[in-house]
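Undergrad: The listed protein sequences correspond, in order, to chains D and Y. Take 202 as the starting number for the first sequence in this note's numbering and just add one per residue. Take 188 as the starting number for the second sequence in this note's numbering and just add one per residue. Cβ coordinates follow ideal geometry from the N, Cα and C atoms, glycine included. Starting off with a structure, shown below.
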Amino acid sequence: MVTHLTLKINQGEFVAIMGENGASKSTLCQMMNGIIPNSIGGRLSGQVLIHGLNTKETGISELATKVGIVLEDPETQLFTTSVKSEVAFGPENLSLPPDEIEERVRWALEAVRLSGYEERLPSSLSGGQKQRLAIAANIAMRPDILVLDEATSQLDPVGVEEVLSVVRELNQKYGMTILMATDASEMIARVMDRVVVLNQGQLEVDGTPRQIFANAGLFKKLMIRSPQVSQLATRLINEAHPLPEFPITVPEASRGLQTLLKGTAPNLVEQKKPAVECSQVVAIQVEHLDYIYQPLDVHAVKDISFKICQGEFVALIGQNGSGKTTVLKNLLGLLRPTRGRVVVAGQDTRTTAVSEMARHVGFVLQNPDQQLFADTVEEEVAYGPRNLKLEKELIEQRISDALKLVGLEDKRQEFPPALSKGDRAKVVIASALALDPSIVILDEPTTGQDYRGCHQIMQIAQSLHEQGRTVVFVTHHMALVAEYAQRVIVLSGGKVLLDDVTEGVFAKPEVVRQACIIPPQITELGQVLPAGLGMPRNPLTVLTMSAAILNRFDLK
Amino acid sequence: MSPLIAYYPGKTFFHNLDPRAKIIFMVIVSTAIFMVQQIPVALVVLGVMFCLWFLARLPFRVLWSFIKALLPIIGFLFLVQAVFYPGTTPLIKPLIPIGKGYGQITLDGILFAVLLTLRLMAMIIMLPLVNFTTPVQIFALGMVKMGLPYKLAYTMTTALNLVPILQMETGVIVDAQRLRAMQSFEKGKLADKLKAYPALVTPLVIGSMRRAQLMAVAMDSRAFGASKSRTYLEDIRLLPRDWVFICLTVFFTVGIIVAPYLL
Numbered sequence: 202m203v204t205h206l207t208l209k210i211n212q213g214e215f216v217a218i219m220g221e222n223g224a225s226k227s228t229l230c231q232m233m234n235g236i237i238p239n240s241i242g243g244r245l246s247g248q249v250l251i252h253g254l255n256t257k258e259t260g261i262s263e264l265a266t267k268v269g270i271v272l273e274d275p276e277t278q279l280f281t282t283s284v285k286s287e288v289a290f291g292p293e294n295l296s297l298p299p300d301e302i303e304e305r306v307r308w309a310l311e312a313v314r315l316s317g318y319e320e321r322l323p324s325s326l327s328g329g330q331k332q333r334l335a336i337a338a339n340i341a342m343r344p345d346i347l348v349l350d351e352a353t354s355q356l357d358p359v360g361v362e363e364v365l366s367v368v369r370e371l372n373q374k375y376g377m378t379i380l381m382a383t384d385a386s387e388m389i390a391r392v393m394d395r396v397v398v399l400n401q402g403q404l405e406v407d408g409t410p411r412q413i414f415a416n417a418g419l420f421k422k423l424m425i426r427s428p429q430v431s432q433l434a435t436r437l438i439n440e441a442h443p444l445p446e447f448p449i450t451v452p453e454a455s456r457g458l459q460t461l462l463k464g465t466a467p468n469l470v471e472q473k474k475p476a477v478e479c480s481q482v483v484a485i486q487v488e489h490l491d492y493i494y495q496p497l498d499v500h501a502v503k504d505i506s507f508k509i510c511q512g513e514f515v516a517l518i519g520q521n522g523s524g525k526t527t528v529l530k531n532l533l534g535l536l537r538p539t540r541g542r543v544v545v546a547g548q549d550t551r552t553t554a555v556s557e558m559a560r561h562v563g564f565v566l567q568n569p570d571q572q573l574f575a576d577t578v579e580e581e582v583a584y585g586p587r588n589l590k591l592e593k594e595l596i597e598q599r600i601s602d603a604l605k606l607v608g609l610e611d612k613r614q615e616f617p618p619a620l621s622k623g624d625r626a627k628v629v630i631a632s633a634l635a636l637d638p639s640i641v642i643l644d645e646p647t648t649g650q651d652y653r654g655c656h657q658i659m660q661i662a663q664s665l666h667e668q669g670r671t672v673v674f675v676t677h678h679m680a681l682v683a684e685y686a687q688r689v690i691v692l693s694g695g696k697v698l699l700d701d702v703t704e705g706v707f708a709k710p711e712v713v714r715q716a717c718i719i720p721p722q723i724t725e726l727g728q729v730l731p732a733g734l735g736m737p738r739n740p741l742t743v744l745t746m747s748a749a750i751l752n753r754f755d756l757k
Numbered sequence: 188m189s190p191l192i193a194y195y196p197g198k199t200f201f202h203n204l205d206p207r208a209k210i211i212f213m214v215i216v217s218t219a220i221f222m223v224q225q226i227p228v229a230l231v232v233l234g235v236m237f238c239l240w241f242l243a244r245l246p247f248r249v250l251w252s253f254i255k256a257l258l259p260i261i262g263f264l265f266l267v268q269a270v271f272y273p274g275t276t277p278l279i280k281p282l283i284p285i286g287k288g289y290g291q292i293t294l295d296g297i298l299f300a301v302l303l304t305l306r307l308m309a310m311i312i313m314l315p316l317v318n319f320t321t322p323v324q325i326f327a328l329g330m331v332k333m334g335l336p337y338k339l340a341y342t343m344t345t346a347l348n349l350v351p352i353l354q355m356e357t358g359v360i361v362d363a364q365r366l367r368a369m370q371s372f373e374k375g376k377l378a379d380k381l382k383a384y385p386a387l388v389t390p391l392v393i394g395s396m397r398r399a400q401l402m403a404v405a406m407d408s409r410a411f412g413a414s415k416s417r418t419y420l421e422d423i424r425l426l427p428r429d430w431v432f433i434c435l436t437v438f439f440t441v442g443i444i445v446a447p448y449l450l
């Protein structure tokens, strides 16, 4: 629901729409091309004017030539079986002459850098390429305005960069107005002119990225994800050691820090690389795992070996298609190795039924909506223990323990699909915990979650780790990896590219880049600062960095 | 199992046929398959389908995965026909006589089951043969040229497009259930499996509705249905080879139907 919203966007602006989940960012996006209220319905009072055209009175197809919209999930917006026909689909609907369509297809594919891909199957493209194709399909309608509704949130870091550079060029070269609902603040800071922050359907603030990210009160109130360098600057302001200018990008922060630290002596000894502690119990053992998908002979995983000890907190990262999901499915017994061996909690997956594995391994799906089915939260959580035919009291105990851990005790009787996105994810985690597994595996648990949701979910994972459980999670969100994981396994092309403590992995940005991974911004800052400054080389969190800086002043 | 609906790109004669020729092929050959009553004829039909599969260079492993998925149904067919087919040449005397002619395994019953299996296999090759070699938008175009309104043709092909997505989604949901210690999908009795279904259907339906709504947003934003006289960039034309193929299809079908009377 959007209420009393007044907003004017000028031709050629590059605007970010930020806000928590439930702030109505999507509603605003879909109002831009009249889908709301014309197609989806609802009550609209007031008006949306696009170039003076009232969306309520203008046909959706006419608006389609003014406003393009790119959605989050590539699968829902690509319909045909070749890149070319996908882009031609819109102009064909407009009954344009064939020559004109050919010309538009050529132009649109060139603009998104997909020339030469005309005959490819859209489903064979990478995530970043699919989203660029969706952009091409929209700009072939020659709109003046392009709306991107969380269009980068499912992509790996390099995919995000690809899409962003294309969108930026559309803005600069063709003067297209861009509206992007996103919380990727580091990229907002680098390229956008203006940020509109929504709060429960109302306009909270509207300003330049610098004004928004420097607004510490806003962060506290709405948990707007600001760039890590801005978070650092805010901390330094609170400790009365402000940077000369409020930074929102790495070069600005680097310059600022050099000025701030001038005259303080480098006294920090480089921190020792913490070794991974390993208990005697092996939780997960993967030996020479090969996996080939039939019937098309896709060799997804090639000779992978690793060992995870009980109690470790491990992140599994890599580009879309690097084999992460295949490895996860092998750990869970959903897939059985083509060659090699996988032993999880002492069970060989080749000989153990998945429902039996479930006693030892809890699994949290990426999309909670694929498993919620019960009428109440309580019933949902009880499902697993009931399948195990546990005693009634024990089931009750498991339910309350699990709900307590995720903080949903007061929502026992609620209807799961009606909960917020963050709470739905927590129900799914509680359902897995109710089986009391010694190992918990989370597959992109934070996708589609806002800053608050991400951290709440990772805090839960952290407390599972503290209970002595083994936690393995997959994510594209490098700041979370840096903050929470002890160890990182990087997959690329079905092989292990790196397997090291978290700091060790991010210390090699050129290597991880091969896996389409970009270290968190704060780590990047540590790496670009001059070595003589004596700052941590590969800081993993904003906290580490600010502590190191403040340490200088304490010693004086 | 491999996706039921998919497109395998290729440049074979079968890929290049006009979609209308393939639609005609699909409609009349499937009718004919239902009319086949003799095992030798059914074998010929199946053989021809195999040859076409080979000529279209489609992967045999995919075919094998379909047949594997059909095995339980084939087994069930054999069982039912063996027991209930009112045959006259008993092979094994009934253990428990149910009634006249029933309950005994007869040669006729087995042969009938073989015939049904052959027909089923011919169908399961023929349908993917068409949809694997024809891009959806070309298939829709074929239907439009045959007189269907564009919106209807496109809605039908979009529905077909959803089949593999639903197939995949179902797999994910079942896996999620198994990982919550649900055993029924692995080794349960039929009754247990039925009890497990609500847990499957709810997320599937909610997910499909959400997806359908988003697809509508994406299609609206590309002016779907804006104009009745839509342009088609890829034009299709019935070439001599398509007519030859249609004639062959007709001869083949007529042959199948009249063969038993001539032999």
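1) Tell me D:H500's beta-bridge partners as DSSP assigns them.
2) Need the endpoints of the beta strand (DSSP E) that D:L404 sits in, please.
3) Specify whether the region 606-616 of chain D and the region 550-557 of chain D touch according to this definition: at least 3 beta carbon pairs, one from each stretch, less than 8 Å apart.
4) Three or more C-beta pairs under 8 Å: does that hold for the region 360-367 of chain Y against the region 433-443 of chain Y?
5) In this structure, what does DSSP give as the bridge partners for D:G269?
6) Y:L387 and Y:F319 - do their beta-carbons sit closer together than 7 Å?
7) Quick check on Y:P390 - is its C-beta less than 7 Å from some C-beta in chain B?
8) Could you tell me the distance, in whole angstroms, from the CA atom of Y:L302 to the CA atom of Y:I226?
9) In whole angstroms, give me the CA-to-CA distance for D:G541 and D:Q486.
10) What are the start and end residues of the beta strand (DSSP E) that includes D:N400?
11) Would you report the Cα separation of Y:W430 and Y:V323, rounded to the nearest angstrom?
12) State the start and end residues of the unbroken alpha helix (DSSP H) segment that holds D:A338.
13) What first and last residue would you give for the beta strand (DSSP E) that runs through D:D700?
14) So what does DSSP say about D:K209, is it helix, strand or coil?
15) Consider the Cβ of D:L272: report whether some Cβ of chain Y lies at a distance smaller than 7 Å.
16) If you count every other CB in all the chains shown that lies within 10 Å of the CB of Y:P206, and 16 or more means buried, which is it?
17) DSSP state of D:C717, grouped into three classes?
18) Step through the CB atoms of chain D and report whether any lies within less than 7 Å of the CB of Y:V301.
19) Under the rule that 16 or more other beta-carbon atoms within 10 Å means buried, what is D:V515, buried or exposed?
20) At the level of alpha carbons, what is the spacing between D:L462 and D:I750?
21) Counting beta carbon pairs with one atom in the region 281-293 of chain D and one in the region 321-334 of chain D, are three or more of them shorter than 8 Å?
22) For the alpha helix (DSSP H) containing Y:V317, name the first residue and the last one.
23) Would you kindly work out how many angstroms separate the C-alpha atoms of D:L744 and D:H442, rounded to a whole number?
24) Can you find at least 3 beta carbon pairs, one from the region 609-621 of chain D and one from the region 543-554 of chain D, that sit closer than 8 Å?
25) Here's the rule I'm using: 16 or more other beta-carbon atoms within 10 Å means buried, otherwise exposed. How should D:C230 be labelled?
26) At a Cβ threshold of 7 Å, is Y:A219 touching chain D?
27) For the region 308-335 of chain Y, which residues have a beta carbon sitting closer than 7 Å to at least one beta carbon of chain D?
28) Report the three-state DSSP secondary structure of D:L380 (helix, strand or coil).
29) Out of Y:A309, Y:L266 and Y:F326, point me to the one whose CA is closest to Y:L298's CA.
30) For the alpha helix (DSSP H) containing D:D602, name the first residue and the last one.
31) Please classify D:E351 as buried or exposed, where buried requires at least 16 other C-beta atoms within 10 Å of its C-beta.
32) Looking at the unbroken beta strand (DSSP E) that takes in D:L315, where does it start and where does it end?
33) Spell out whether any CB of chain Y is found under 7 Å from the CB atom of D:T552.
34) Under the assumption that D:G242 contacts D:T259 (Cβ atoms under 8 Å), give the Cβ distance between them as a whole number of angstroms.
35) Among residues of its own chain, excluding the 5 on either side of D:Q660, which ones have a beta-carbon nearer than 8 Å to its beta-carbon?
36) Assuming the contact rule is C-beta atoms closer than 8 Å, D:Q511 and D:S639 should be a hit. Round their C-beta distance to whole Å, please.
TA: Well, looking at it:
1) Answer is D:I493.
2) For D:L404, the enclosing beta strand (DSSP E) stretches over residues Q403 to G408.
3) The region 606-616 of chain D is not in contact with the region 550-557 of chain D.
4) Verdict: no, contact absent.
5) Per the DSSP secondary-structure output, D:G269 pairs in a beta bridge with D:L347.
6) One thing to note: Y:F319 has its Cβ no nearer than 7 Å to the Cβ of Y:L387.
7) Absent here is chain B; the protein component of the structure consists of chains D and Y.
8) Roughly 5 Å between the two C-alpha positions.
9) Cα to Cα, the separation comes out at about 11 Å.
10) Counting along the chain, the beta strand (DSSP E) containing D:N400 begins and ends at R395 to N400.
11) Distance between the alpha carbons of Y:W430 and Y:V323 is about 22 Å.
12) Here the alpha helix (DSSP H) through D:A338 covers G328 to I340.
13) Counted as a single uninterrupted DSSP element, the beta strand (DSSP E) harbouring D:D700 occupies residues K696 to V702.
14) Judged by DSSP in its simplified three-state form, D:K209 adopts coil rather than helix or strand.
15) The beta carbon of D:L272 falls within 7 Å of a beta carbon belonging to chain Y, placing the residue at that interface.
16) Y:P206 should be labelled buried.
17) In the structure shown, the three-state DSSP call for D:C717 is coil.
18) By this cut-off, Y:V301 is not an interface position.
19) A residue is called buried when at least 16 other Cβ atoms come within 10 angstroms of its Cβ; D:V515 meets this threshold and is buried.
20) Straight-line measurement puts the Cα of D:I750 at about 8 Å from the Cα of D:L462.
21) Three or more Cβ pairs closer than 8 Å define a contact, and the region 321-334 of chain D meets that threshold against the region 281-293 of chain D.
22) Note, Y:V317: alpha helix (DSSP H), L294 to N318.
23) Across the structure, D:L744 and D:H442 are spaced so that their CA atoms are roughly 15 Å apart.
24) In short, these stretches do not touch, since the Cβ pair count stays below three.
25) The residue is buried, with at least 16 neighbouring Cβ atoms inside 10 Å.
26) Cβ-Cβ to chain D under 7 Å: no for Y:A219.
27) Cβ contacts with chain D come from P322, V323 and Q324.
28) Strand.
29) Ranking Y:A309, Y:L266 and Y:F326 by Cα distance to Y:L298 puts Y:L266 first.
30) It spans K593 to V607 - the alpha helix (DSSP H) in which D:D602 sits, taken as one unbroken run.
31) With 16 or more other Cβ atoms within 10 Å, it is buried.
32) No beta strand (DSSP E) holds D:L315; DSSP gives it neither H nor E.
33) Against chain Y, the CB of D:T552 has no partner CB under 7 Å away; the residue lies outside that interface.
34) Going by Cβ atoms, the distance from D:G242 to D:T259 rounds to 17 Å, so no, they are not a contact pair.
35) Nothing listed; no residue qualifies.
36) Rounded, the Cβ-Cβ distance is 7 Å, consistent with contact.
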